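One structure is given here, and the rest of the page talks about it.
In full-length UniProt numbering, the protein residues as written are 1 to 363.
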């Protein structure tokens, strides 16, 4: 570790370990408190072993998850790599490479479906590294109902593509998509009626940015792509007090990026001397974990443990969820350019575009 930076000494790691081990080591987040080393169970999201998760291991050879299943979806890119097709050209568009992401999000039918879906802005911001990365990123931004709707819409895009390729039928994508969403809703309704429902506590959420109570400061955070994190701090009248972005070299999963954005936010608020803080972000999993003060073994919980520990330094602290429409100002800041391993912090004087977004929140 490079002393004082919470960053790995990458050149030394490169000297000692193989390329594969280097990636695994450098993707482990550094804690602020130097906890003792411990083992964790990688097949579960919290790193804790259960008997049920132990049985998963025996099934991995033939029963794959969505990530692996969609990784082998038979599109032109996959057929080309298997030397079955001479090129990757999409049959529908006629010129673009047909990857899994192209078929489900960027092809002719998919574009029309997402344009009318209400998720268009979400898809513009979503990761483009792989389907599995995009799915995990989306799952951290929306609730379960919205996630099921998105799954139905990807299914509809795949159906429309196959209709044209294999049957020569050009369908109306919005009609197909509506039918698939309705089918999903009917299934959920039926499942609810035939199963005994158990009540679970849900976290409150806000669709817009709202003023914090008097003498309390709101800290909004967001992660953009991999390794870029934004923070906006505002006062009880909605005034901008601080906007900051930092960038690090990492290949983290989306849930780790969102957790690091939250950690950056509380670290900055403490550093600037704020004592009454509301931490607000659009990642439900982050809000839920901080709210419940979960203590688990997976590497991402090194970040959550730091957040909970820092929160004890404030007189008032809570973490709340806001939908993406209420988090636009910090989404802009997270896109600011800055050097790796450096912070760019603005106070008192802010770009006009950021000020405009902040003013819109108050209307």
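For every residue, glycine included, the Cβ atom is placed at its ideal position computed from N, Cα and C. These figures come from a predicted structure and were not determined experimentally.
- In the three-state scheme derived from DSSP, where H, G and I count as helix and E and B as strand, residue 217 is classed as strand.
- Annotated three-state conformation of residue 103 is helix, per DSSP.
- Under the three-state reduction of DSSP, residue 265 is assigned to helix.
- In chain order, 243 place their CB closer than 6 angstroms to the CB of residue 346, counting only its own chain and leaving out the 5 sequence neighbours on each side.
- Short of 7 angstroms from the beta carbon of residue 215, and not among the five residues preceding or following it, lie these beta carbons of its own chain, in chain order: 236 and 276.
- The alpha-carbon of residue 145 is positioned some 47 angstroms away from that of residue 16.
- Within the same chain, 230, 232, 243 and 245 come within 6 angstroms of residue 333 by CB-CB distance, once the 5 residues on both sides are set aside.
- By the neighbour-count definition (other C-beta atoms within 10 Å, threshold 16), residue 212 is a buried residue.
- In this structure, residue 296 lies near residue 47, with their beta-carbon atoms less than 8 angstroms apart.
- Fully enclosed alpha helix (DSSP H) runs of no fewer than 4 residues occupy 76–81, 108–117 and 120–125 of the stretch 72–125, in order along the chain.
- In this model, residue 29 and residue 117 are separated by some 36 angstroms (Cα to Cα).
- Residue 233 is bridged by DSSP to 219 and 242.
- Burial of residue 274 is indicated by the presence of at least 16 other C-beta atoms within 10 angstroms of its C-beta.
- The shortest C-alpha to C-alpha distance from residue 286 to any of 51, 141, 86 and 31 is the one to 141.
- A contact is defined here as three or more CB-CB pairs under 8 angstroms, and the stretch 302–311 meets this definition with respect to the stretch 250–270.
- Here residue 190 is exposed, its C-beta having fewer than 16 other C-beta atoms within 10 Å.
- Counting only residues of its own chain and dropping the five nearest sequence neighbours on each side, residue 263 has a CB closer than 6 angstroms to the CB of 303, 306 and 307.
- Here DSSP, grouped into helix, strand and coil, assigns residue 23 to helix.
- Looking at the DSSP output, residue 318 shares a beta bridge with 278.
- In this structure, the straight-line span from the alpha carbon of residue 148 to that of residue 257 is close to 23 angstroms.
- Counting only residues of its own chain and dropping the five nearest sequence neighbours on each side, residue 259 has a CB closer than 7 angstroms to the CB of 286, 300, 303 and 304.
- Residue state for residue 152 is assigned as helix, using DSSP reduced to three classes.
- Separation of residue 104 and residue 192 (C-alpha to C-alpha, rounded to the nearest whole angstrom) is 29 angstroms.
- Here residue 358 is buried. Its C-beta has 16 or more other C-beta atoms within 10 Å.
- Listed in chain order, the non-local C-beta contacts of residue 174 below 8 angstroms within the same chain comprise 112, 113 and 116, local neighbours out to five positions each way being set aside.
- Non-local C-beta neighbours of residue 10 in its own chain, meaning closer than 7 angstroms and more than five positions away in sequence, comprise 26, ordered along the chain.
- Between the alpha carbons of residue 326 and residue 356 lies a gap of roughly 14 angstroms.
- One thing to note: residue 219 has its Cβ within 8 angstroms of the Cβ of residue 280.
- Between residue 131 and residue 101, the C-beta gap is smaller than 8 angstroms, which places the two residues in contact.
- Sequence-distant Cβ neighbours of residue 138 in its own chain, meaning closer than 8 angstroms and more than five residues away, are 122, 126, 147 and 150.
- Using a 10 angstroms sphere on the CB of residue 50, the tally of other CB atoms stays under 16, which defines it as exposed.
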